[in-house]
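68 is the number that the UniProt record's numbering gives to position 68 of the sequence shown; each next residue is one higher, with no gaps. Where a beta carbon is used, it is the ideal one built from N, C-alpha and C, also for glycine.
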Amino acid sequence: MFREAVEAKDIDAVDEMLAEDCVFLSPVAFTPYPGKAITSAILRTVVEVFEDFTYVRQLRDGDHEAYVFTATVDGMEITGCDFLTFNEEGKISEFMVMTRPLKASQALAAAMGERFPQIRAAAQAAAGGGPGPDVATVTE
């Protein structure tokens, strides 16, 4: 279900799978991003940043799933893995991404960093307009 939604770029469907207290762990940021609103805003933006995104492998172990992907960012090939943890309601409670190689990961960080003011604004709007998490950049 998750894989199909991502491959169809149906981020609304992915959003429905996120727990309200979901935590996003970025491949380029030290600080975790807590909450469904910021996780959804990040995922909506990364769909625009990645080109030729394809899942190439899926692994499952109980409430944990891993999805290996390939994509292009700023003309560079990137390989990564989405690690998902599901809560007792079947919602995604943790979404961790790892990427390689370094140069492509740096291009990803730069592209997402440029868009981070819009990501933060979208998360704040989705969370009801409050200040939301205090996240200055994706590379903190």
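Buried versus exposed, by CB contacts within 10 Å (16 or more), residue i
i    : result
P131 : Below a pLDDT of 50, predicted positions are generally treated as unreliable, and P131, at 46, falls in that range; the measurement from the model is reported next regardless. So P131 ends up on the exposed side.
V56  : exposed
R115 : buried
G80  : buried
A125 : exposed
Reduced DSSP category for residue i - H, G, I as helix; E, B as strand; rest coil
i   : result
G62 : coil
F2  : helix
A37 : helix
Anticipated Cβ contact below 8 Å, residue i with residue j, distance rounded
i   : j    : result
A41 : I119 : 5 Å
E51 : T70  : Going by Cβ atoms, the distance from E51 to T70 rounds to 11 Å, so no, they are not a contact pair.
A5  : N87  : No, A5 and N87 are not in contact; Cβ-Cβ is about 18 Å, not under 8 Å.
E94 : C22  : 7 Å
Beta-carbon contacts of residue i that lie in its chain and below 7 Å, excluding the five residues immediately before and after
i           : result
P133        : Confidence in P133 is poor, its pLDDT being 46 and thus under 50, which makes the residue's placement too unreliable to answer from.
residue 157 : Outside the displayed range of the chain (1 to 140) lies residue 157, so it cannot be described from this structure.
E140        : Its pLDDT being 45, under 50, E140 is placed unreliably in this model, and the coordinates cannot settle the point.
Beta carbon of residue i nearer than 8 Å to that of residue j
i    : j   : result
I78  : V47 : no
D27  : M98 : Reading off the sequence, residue 27 comes out as Pro, not Asp. Yes, the Cβ-Cβ distance between P27 and M98 is below 8 Å.
F24  : V14 : no
M112 : T45 : yes
Close beta carbons around residue i, own chain, < 8 Å, minus the five adjacent residues each side
i   : result
A9  : Residue 9 is actually Lys in this sequence, not Ala. So the list reads V47, once near-sequence residues are dropped.
Q58 : R3, E65, A66, Y67, V68
Beta-carbon contacts of residue i that lie in its chain and below 6 Å, excluding the five residues immediately before and after
i    : result
A127 : A37
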